[in-house]
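A quick write-up on the structure given underneath.
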Amino acid sequence: MGPPPQYALLRRSCPLARVTTPFGAPAWYVTRYDDVRKLLADDRFIRPTINDWPLDADAAARGPGLVTMMELDGPRHAALRQALAKPFSIRATRRRRPALRATADRLLAQIAANGPPRDLVSGFFEPFPLLVMCELVGIPYAERATFLAAADTALGALVTLEEGRAATRLLRSYTASLLERRRRAPGGDLLSSLVEDCDRGAVDEESVHAFGLSMLVAGYRTTTMFLANAALALLTEPDRYDRLVGDRALVPTAVEELLRFLPVQNGVIVLQARQDVTVHGRTIRAGEAVLPVVAAANRDERAFPEADRLVLDRQANPHLAFGRGPHNCIGAHLARTQLSVGLEALLDHFPRLRLTGQPPTWEDHSPVRSPLTLQVTW
Ligand code: HEM
27 MGPPPQYALL
37 RRSCPLARVT
47 TPFGAPAWYV
57 TRYDDVRKLL
67 ADDRFIRPTI
77 NDWPLDADAA
87 ARGPGLVTMM
97 ELDGPRHAAL
107 RQALAKPFSI
117 RATRRRRPAL
127 RATADRLLAQ
137 IAANGPPRDL
147 VSGFFEPFPL
157 LVMCELVGIP
167 YAERATFLAA
177 ADTALGALVT
187 LEEGRAATRL
197 LRSYTASLLE
207 RRRRAPGGDL
217 LSSLVEDCDR
227 GAVDEESVHA
237 FGLSMLVAGY
247 RTTTMFLANA
257 ALALLTEPDR
267 YDRLVGDRAL
277 VPTAVEELLR
287 FLPVQNGVIV
297 LQARQDVTVH
307 GRTIRAGEAV
317 LPVVAAANRD
327 ERAFPEADRL
337 VLDRQANPHL
347 AFGRGPHNCI
357 GAHLARTQLS
367 VGLEALLDHF
377 PRLRLTGQPP
387 TWEDHSPVRS
397 PLTLQVTW
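Heads up, the final residue of the sequence shown is numbered 404 in our numbering, and it's a clean run with no missing numbers.
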């Protein structure tokens, strides 16, 4: 569940390490908190597209990959962030809280009605963030079968050239169909308001596609994975879960600590140097790739005393789980609210929740690790 032990070794003795990715591409690994924090907001680095920094020999043949928000840069990216600032603000998110809680209650009541043992991932951690994201963005939940498998393929670390291409084509045509439908029949959702922004020239159509794709591949999966990892961490040592049952005021602090402690983003942010940059006396050449490892930075003793302990009431907690800089997670307030609401609802519905003892199943081929199933009883 935790980050690999090699991270501690790298932080101590080789904070900027030359590595080769599983696809054979050279890159630099950065593992100390201060370095990762600085690099994420350093404008001498960009987030490259797959064509700027091919992950493997076949990448060039694959043609333009998924252009998500992470690959947009400069004024186009700034315009899109501005168009999204209000709907993702703390205020807008606070207003959504009762609706989020109602969704969580409905799903958990269904689990309770079916009786133990149950799988929390398929019953709650998957549908909850997906329902929230679909409603916010304007994606019909009933159409999820159209994009879920393709999004997983597009994110997958070990897909073939053909599978990757087919998934990209499918996601792209799905966002095109969504935009067309919103243009014909606008609703009160995010895509409708972006189409409007697009028609009055505030953002361009490619940026709206990039946002749609970001949502399809990242607007719910991270939350699902985080909730599953968090429940496992709390239930593996049930005193932790029971402590939260007895003290709900602790939930927001516990959520921040779980975000720090659990490696959802295990080195998947890729940066590329625009110019030569010296770090720890070594030169990163223009064009080279750098991987700031958030999961390693979040366990750095220099920033977090007792960094390898899960301290549910940790006070100062400037973790980097949502990144930093111009591309920091725009969904951070929403994610925090979903995590708190989801956890509170779980504690309320199941104060005596326990793991069944059946080991969780894991996704083996992903750069991000989380249980695919989590059997519980109560
Ligand atoms: C526990 C849940 C989540 C975690 C840990 C997480 C983490 C991250 C991280 C690390 C980044 C990249 C930051 C960087 O490069 O500096 C990111 C970007 C992003 N996230 Fe999240 N995220 C979560 C949930 C969400 C949700 C719920 C949404 C929206 C519904 C969302 C939307 C986005 C978008 C659109 C970006 C790209 C922003 C940009 O390029 O400007 N995320 N997220």
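Even for Gly, the Cβ is constructed at its ideal location relative to N, Cα and C.
Asked, Found
"8 Å Cβ shell around Asp-302 - same chain, five flanking residues per side excluded", "Thr-309, Ile-310, Arg-311 and Ala-312"
"Ala-342 (DSSP reduced to helix, strand or coil)", "coil"
"Cβ contact check for the segment 32-48 and the segment 256-275: 3 or more pairs under 8 Å", "no"
"Length of the line joining the Cα atoms of Thr-46 and Gly-238", "32 Å"
"Where Thr-304 falls, given that 16 or more other Cβ within 10 Å makes a residue buried", "exposed"
"C-beta atoms of Lys-112 and Ala-104 nearer than 8 Å", "no"
"Selection from Val-56, Pro-52, Leu-106 and Gly-28 that minimises the alpha carbon distance to His-353", "Leu-106"
"Heavy atom of the ligand ATP within 7 Å of Phe-150 beta-carbon", "Inclusion of the ligand ATP in the displayed structure is not the case, the ligand content consisting of the ligand HEM alone."
"Span separating the alpha-carbon of Leu-317 from that of Val-56", "6 Å"
"Three-state class that DSSP yields for Arg-88 in the structure shown", "Summary for Arg-88: the model assigns pLDDT 49, below 50, so the residue's position carries little reliability, and this model does not support an answer."
"Residue of Arg-170, Ala-177, His-375 and Leu-360 minimising C-alpha distance to Arg-121", "Leu-360"
"DSSP state of Phe-252 mapped onto helix, strand, coil", "helix"
"CB-CB length for Pro-41 against Asp-61, believed under 8 Å", "6 Å"
"Cβ-Cβ distance between Leu-217 and Leu-204 below 8 Å", "yes"
"Beta-carbon proximity check, Trp-388 vs Arg-380, cutoff 8 Å", "no"
"Simplified DSSP assignment, three categories, for Pro-264", "helix"
"Rounded separation between Ala-135 and Pro-74 - CA only", "44 Å"
"Start and end residues, beta strand (DSSP E) containing Val-45", "42-46"
"Proximity of Ser-366 and Pro-278 at Cβ, strictly below 8 Å", "yes"
"Chain-order list of residues whose beta-carbon lies under 6 Å from that of Leu-297 (same chain, five-residue window excluded)", "Phe-71 and Val-316"
"Presumed contact (8 Å Cβ cut-off) between Pro-52 and Arg-44, rounded CB distance", "7 Å"
"Heavy atom of the ligand HEM within 7 Å of Gly-357 beta-carbon", "yes"
"Of the listed residues Asp-225, Gly-28 and Thr-172, nearest to Ser-199 (C-alpha basis)", "Thr-172"
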